[in-house]
Amino acid sequence: MIALSKASAFTCLLLVLLQCISIKLYAIEEQRTQKVRRIAIIETMTLTHIQNSTNAYIEAIQLLFPDDKIQFQRMNAEGNYTRALALVDALATANIQPDLLITVATLATKAAFKKQNDITFPTVFMSVADPISEGIIESFGKTSKANITGNSHVISSDKKLEFLTRIIKPDSSRPSNVAIISTDYPSTIREVAELIENSHTLNALAFFHLEFPYSPSVLKNMSTQTEVLKHLTNLNKPIIGYWSPNGPLGPDDTLRENIYNKFNIPQLYVEDIEAIKNGALIGIFPETSHIGQSAAKLSARILNGEAANSIPVDRLKNFTVAVNVSTAVEFNLPIPSDLLQMAQEHVYH
Amino acid sequence: MQIKSKLLLSFAPVLLLIMGAIGYISYKFAASSMEKHEYELLGILAEQATLASIHEKYALLARSGLEEVDVFKTSYQQEVYAELQDLASKTSKDFAIINTSTNEVIFETLQQSIKSYNLDNIEQARLNKVKANFGRMSSTTDTILFACVEFAPWHWEIFVVEPYERLKRPLDNIAKATLISLIIALLFIVLGLSSVSEKLIFSRIITLRNAAKRIAENSEVVSLKMGKSDEIGQLATDMEIMSHKIRQTLDKADSASQAKSDFLAVMSHEIRTPLNGIIGMTNLLSDTNVDDTQKGYLKDLLASSEGLKSLVNDVLDMARIESGNLQFESIPIDFTRLISKVFSIFKVAFSEHKNQLIIDKDLPVSKVISADIVAIRQIMINLISNANKFTNDGTIKLSVKISEAGEGPSLIIIVKDDGIGIPKDKLDTVFDTFTQSDNSITRKYGGSGLGLSIIERLVKAMAGKITLKSTLGKGTEVKVIVPVKVESKEYHHNAQDTLDSIKLPKALHVLLVEDNEINATVARVNLEDIACTVEHVSDGSLAVEAANKKQFDIILMDVHMPNMNGIEATKIIREGQTLNAETPIIGLTAEAFKEKHVEFMTSGMNSVLSKPFDKQALVREFKKVLKLTH
Numbered sequence: 015m016i017a018l019s020k021a022s023a024f025t026c027l028l029l030v031l032l033q034c035i036s037i038k039l040y041a042i043e044e045q046r047t048q049k050v051r052r053i054a055i056i057e058t059m060t061l062t063h064i065q066n067s068t069n070a071y072i073e074a075i076q077l078l079f080p081d082d083k084i085q086f087q088r089m090n091a092e093g094n095y096t097r098a099l100a101l102v103d104a105l106a107t108a109n110i111q112p113d114l115l116i117t118v119a120t121l122a123t124k125a126a127f128k129k130q131n132d133i134t135f136p137t138v139f140m141s142v143a144d145p146i147s148e149g150i151i152e153s154f155g156k157t158s159k160a161n162i163t164g165n166s167h168v169i170s171s172d173k174k175l176e177f178l179t180r181i182i183k184p185d186s187s188r189p190s191n192v193a194i195i196s197t198d199y200p201s202t203i204r205e206v207a208e209l210i211e212n213s214h215t216l217n218a219l220a221f222f223h224l225e226f227p228y229s230p231s232v233l234k235n236m237s238t239q240t241e242v243l244k245h246l247t248n249l250n251k252p253i254i255g256y257w258s259p260n261g262p263l264g265p266d267d268t269l270r271e272n273i274y275n276k277f278n279i280p281q282l283y284v285e286d287i288e289a290i291k292n293g294a295l296i297g298i299f300p301e302t303s304h305i306g307q308s309a310a311k312l313s314a315r316i317l318n319g320e321a322a323n324s325i326p327v328d329r330l331k332n333f334t335v336a337v338n339v340s341t342a343v344e345f346n347l348p349i350p351s352d353l354l355q356m357a358q359e360h361v362y363h
Numbered sequence: 011m012q013i014k015s016k017l018l019l020s021f022a023p024v025l026l027l028i029m030g031a032i033g034y035i036s037y038k039f040a041a042s043s044m045e046k047h048e049y050e051l052l053g054i055l056a057e058q059a060t061l062a063s064i065h066e067k068y069a070l071l072a073r074s075g076l077e078e079v080d081v082f083k084t085s086y087q088q089e090v091y092a093e094l095q096d097l098a099s100k101t102s103k104d105f106a107i108i109n110t111s112t113n114e115v116i117f118e119t120l121q122q123s124i125k126s127y128n129l130d131n132i133e134q135a136r137l138n139k140v141k142a143n144f145g146r147m148s149s150t151t152d153t154i155l156f157a158c159v160e161f162a163p164w165h166w167e168i169f170v171v172e173p174y175e176r177l178k179r180p181l182d183n184i185a186k187a188t189l190i191s192l193i194i195a196l197l198f199i200v201l202g203l204s205s206v207s208e209k210l211i212f213s214r215i216i217t218l219r220n221a222a223k224r225i226a227e228n229s230e231v232v233s234l235k236m237g238k239s240d241e242i243g244q245l246a247t248d249m250e251i252m253s254h255k256i257r258q259t260l261d262k263a264d265s266a267s268q269a270k271s272d273f274l275a276v277m278s279h280e281i282r283t284p285l286n287g288i289i290g291m292t293n294l295l296s297d298t299n300v301d302d303t304q305k306g307y308l309k310d311l312l313a314s315s316e317g318l319k320s321l322v323n324d325v326l327d328m329a330r331i332e333s334g335n336l337q338f339e340s341i342p343i344d345f346t347r348l349i350s351k352v353f354s355i356f357k358v359a360f361s362e363h364k365n366q367l368i369i370d371k372d373l374p375v376s377k378v379i380s381a382d383i384v385a386i387r388q389i390m391i392n393l394i395s396n397a398n399k400f401t402n403d404g405t406i407k408l409s410v411k412i413s414e415a416g417e418g419p420s421l422i423i424i425v426k427d428d429g430i431g432i433p434k435d436k437l438d439t440v441f442d443t444f445t446q447s448d449n450s451i452t453r454k455y456g457g458s459g460l461g462l463s464i465i466e467r468l469v470k471a472m473a474g475k476i477t478l479k480s481t482l483g484k485g486t487e488v489k490v491i492v493p494v495k496v497e498s499k500e501y502h503h504n505a506q507d508t509l510d511s512i513k514l515p516k517a518l519h520v521l522l523v524e525d526n527e528i529n530a531t532v533a534r535v536n537l538e539d540i541a542c543t544v545e546h547v548s549d550g551s552l553a554v555e556a557a558n559k560k561q562f563d564i565i566l567m568d569v570h571m572p573n574m575n576g577i578e579a580t581k582i583i584r585e586g587q588t589l590n591a592e593t594p595i596i597g598l599t600a601e602a603f604k605e606k607h608v609e610f611m612t613s614g615m616n617s618v619l620s621k622p623f624d625k626q627a628l629v630r631e632f633k634k635v636l637k638l639t640h
């Protein structure tokens, strides 16, 4: 009986030992087959929507490659083009080069495109308003000649104008005056030009463009604030509000408050959800999660073997409408029901 | 009007009424269905296109906390107005919104304000999610159908409206198209019915009518070949059978008629032959030395014989007329001479009845009147004979004149007497054969009753007319009108009349061929009286033999004889190389029918003389065949 008990205990012990060996061998094999992917990310500056876009990207790419070990190298150009170039150079000369470079916003993308001859890894850009002006592609729907692809996050200016016109309901015989306040930030220039050109066709809005030089410190530069107010005063025109193109000045809450306090006019359009929450009337833009997810899908195709220059550059298809109804009520600018319907998750008071 | 036209005129209005009624009921049904469908449509528009959109906008405002914010509320209400305006232009419906708290119309696409309409009827019905009112409203100018839903949060009553005229327009177009279709369909039905009835009924009826006409006119046997599948086909078969039966009956009747004619021909021969002997012998006996008493007997005998001869002639005339073998010959007539001869016939009879004959002849002297003299003479004789028979101690007037009125010239003969007259109830039957107004008349006045019947048939055969007027106890007037030819040249006595006035220029050598001894004796005596030398043989073969031996001036050839008849003998004499191949041959016969005479003539005879005959008839016939005019 005792002998039988000893034999049973020995057999159980042996089985447990064999199980442990199998698990260990599986873990070793797992570790041996897990692929390491290196992704370098250069952000143009420290802005909420840029950082949110990057975060969304990281989250999405990890979901797309759950079995791989992804090593991210996240860098920030701090709004400085020269720094962006230096970051790209550093990647190009590093001992271990990344499998893929992600550029977030225009300056970083412009730098990566500039250094295309020096780098051997492909580039995916996101949050770039105008890749055509930057010379990346000739038109939307086309591929780049360089080893780069991506998506523009900006919708066409005629659509934006149509939305705003439906809210303002301007008198066609007397176009409503709207100021455009922007910097000469690269992605902003072409958008402003398109806006002004389309406004002539629309003949409902008269734009007055107030442009200021871009510098990395523009957001904190009080002289810029003063210059804006001064130029608005000098316009000497009854304006109903101002338009903020895609760029660094749009999300500036201080500027919005100063203008409102001095001229009692609203920020009519801005592509920043926080700005709308804080008082801008309306904005139509992709959500940062969409921007990040879109770039992650392109990255997955490249990491799976497709060439970056074989993937066409296009605009994002999903956009978010955000409105501030308090601003609308205050300035007697009711949002049409279809726009309010579209903005249902982003209606702010 | 033909049956087909009557049928079409009867059925077309009925068809029109039925189809019109069907069309009207269909129209009413379609109008009702369309109205119902329109209410459904208005309800759908009110609930799904209008109220749903308002609800959605309101819900959006509510979700955004803006339902009480006037800027948004007003803006979204204006969006509703714009949508309704757009919907009105796309659906051809009208919309109106009334604020129930102020009872004001705040929006409408109607040309005439919805407030100007009075409610005709309204009923409530539940749509999918809401209650709706449906009904009809009228103004002084038009009527509208509506559906109405309420939106309480904004105190709105939303009307979706369809002008009734707009709804009715397609119906009116359908009604017009239906009417046109109805007329076209009616036309096709009428044409179809006409065509089918023409083929199935009327053309066959016309065929039957034509067949009936052929049967009636010509007693034809018809073959219609219409089958027996329907009533008309069976009628056609019956008609074919009927035509066969009629033909058979007619054939039998013709056979009977022919038998009668044959019988009469035989009887004529058999009666007239002995009668010829009786009259001839009586005449011969009268020329002998007999006393007055015997003369009286002979006279009575002769009168009886003449009466019998007259009766036989009447019967034969009637038979000849009924057989339809009458042929009329139009020759110039000397009425003076004719009337004189007729008068001479009745001279004795008039004196016996103590009657006086007045002749009123009014005929143009310069004109020649041509007609069938035998028929005219017979008409005159029969009329005068009748008048004399029923008149005693009275006057008989004979009028003869010409009338140029009417289609052509007509001869009018009127014989009027003041005799016993005819009862009114007997006037209709006086023209019937063997009929006299009273059977006792036959016994009292004698006669066969054939006289007027013969005249009536003769006149009809000549395309003339006969009328009779009579008053019982006062007398009778018979008027005969027959067509004649009137020519504007002077009349000359014709050869016929001339023949009677001359004598034979020389003594003729005559071969008399007659099997009956008495007739032979009579003929011989008469021939010898007119200075002829006579050689008599008793049959045809002997005649041929005599003709081969001797030349004769004339051969008198009886037709019916034993051994060889007269026709055969005549043929042999004509065909042979005898001495008398060219000698005139006059047939002697008791046959009264002229068609028989024609048959004799074709055998080679030059003329035919009916027995009994007298010397005058002999002389006339001799002169005719010898072409003697002096």
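Note that the protein sequences, when read in sequence, are chains X and V.
Going by our numbering, the residue at position 158 of the first sequence is 172; the numbering climbs one at a time, nothing skipped.
Going by our numbering, the residue at position 434 of the second sequence is 444; the numbering climbs one at a time, nothing skipped.
No residue lacks a Cβ here, since even glycine has one placed at the ideal position from N, Cα and C.
Note that the coordinates shown come from a computational prediction; the quantities given were computed from them, not determined experimentally.
With a beta-carbon spacing of about 15 Å, Lys305 of chain V and Ser315 of chain V fall beyond the 8 Å limit used to define contacts.
With respect to chain V, the C-beta atom of Asn338 of chain X has no partner C-beta closer than 9 Å. Each residue's CA atom was taken as its position, placing Ile279 of chain X and His65 of chain V some 33 Å apart.
At the C-beta level, Ile53 of chain X and Ile116 of chain X come within 9 Å of one another.
Here Arg73 of chain V is exposed, its C-beta having fewer than 16 other C-beta atoms within 10 Å. Minimum Cα-Cα distance from Gly461 of chain V among the listed residues V:Ala471, V:Ser320, V:Leu514, V:Ser420 corresponds to V:Ser320. Within the model, the alpha-carbon separation for Gln268 of chain V versus Ile355 of chain V is close to 34 Å. Using a CB distance below 7 Å, the part of the segment 79-103 of chain V facing chain X consists of Val79, Val81, Phe82, Ser85, Tyr86, Glu89, ordered along the chain. Below the 9 Å Cβ cutoff, chain V contributes Leu70, Arg73, Ser74 as neighbours of Gln358 of chain X, in chain order. In chain order, Glu57 place their CB closer than 7 Å to the CB of Asn138 of chain V, counting only its own chain and leaving out the 5 sequence neighbours on each side. Contact with chain X is absent for Glu77 of chain V, since none of that chain's Cβ atoms lies less than 9 Å from the residue's Cβ. Under DSSP, Glu114 of chain V shares a beta bridge with V:Asn109. Assignment of Gln355 of chain X by DSSP, reduced to helix, strand and coil, places it in the helix class.
The alpha carbon of Arg97 of chain X has as its nearest neighbour, out of X:Thr123, X:Ala289, X:Pro80, the alpha carbon of X:Thr123. For Phe86 of chain X, no alpha helix (DSSP H) encloses it; the enclosing beta strand (DSSP E) starts and ends at 83-90.
With contacts defined by Cβ atoms closer than 9 Å, Ala309 of chain X and Met59 of chain X do not form a contacting pair.
For Pro262 of chain X, the secondary structure class from DSSP, reduced to helix, strand or coil, is coil. Looking from the CA of Lys621 of chain V, the closest CA among V:Phe562, V:Ala62, V:Ile288 belongs to V:Ile288. In the DSSP annotation of this structure, the continuous segment of the beta strand (DSSP E) that includes Leu367 of chain V starts and ends at 366-372. Scanning the segment 110-184 of chain X for uninterrupted alpha helix (DSSP H) segments of 4 residues or longer gives 120-128, 171-182, listed from N- to C-terminal end.
Going by DSSP, Lys407 of chain V is part of the beta strand (DSSP E) stretching over 405-413. A Cβ of chain V is located within less than 9 Å of the beta carbon of Val343 of chain X. In the structure shown, Glu524 of chain V adopts coil according to DSSP, grouped into three states. Residues are counted here when their Cβ sits less than 7 Å from a Cβ of chain X; for the segment 38-70 of chain V these are Lys67, Leu70, given in chain order.
Under the Cβ distance rule, Pro348 of chain X counts among the residues neighbouring chain V, one pair being separated by less than 9 Å. Taking all protein chains in view, the Cβ of Ala160 of chain X is crowded by 16 or more other Cβ atoms within 10 Å, so the residue is classified as buried. For Ser548 of chain V, the secondary structure class from DSSP, reduced to helix, strand or coil, is coil. Interface criterion not met: the Cβ of Leu178 of chain X is under 9 Å from no Cβ in chain V.
Of the candidates V:Glu114, V:Met249, V:Thr153, V:Lys479, V:Lys479 places its Cα closest to the Cα of Lys436 of chain V. The Cβ atoms of Gly33 of chain V and Leu192 of chain V lie closer than 9 Å to each other. In terms of Cα proximity to Glu148 of chain X, the closest of X:Thr107, X:Ile169, X:Tyr199 is X:Tyr199. Taken through DSSP and simplified to helix, strand or coil, Asn250 of chain X comes out as coil. About 20 Å separates the beta carbons of Tyr362 of chain X and Asn332 of chain X, which is beyond the 8 Å limit, so they are not a contact pair.
Under the 10 Å beta carbon count, Lys129 of chain X is surrounded by 16 or more other beta carbons and is classified as buried. Within the same chain, Cβ atoms closer than 7 Å to the Cβ of Leu129 of chain V are found at Gly145, Met147, the five residues on either side in sequence being excluded. Relative to Ala471 of chain V, the option among V:Ala157, V:Ala381, V:Ile35 whose CA is nearest is V:Ala381.
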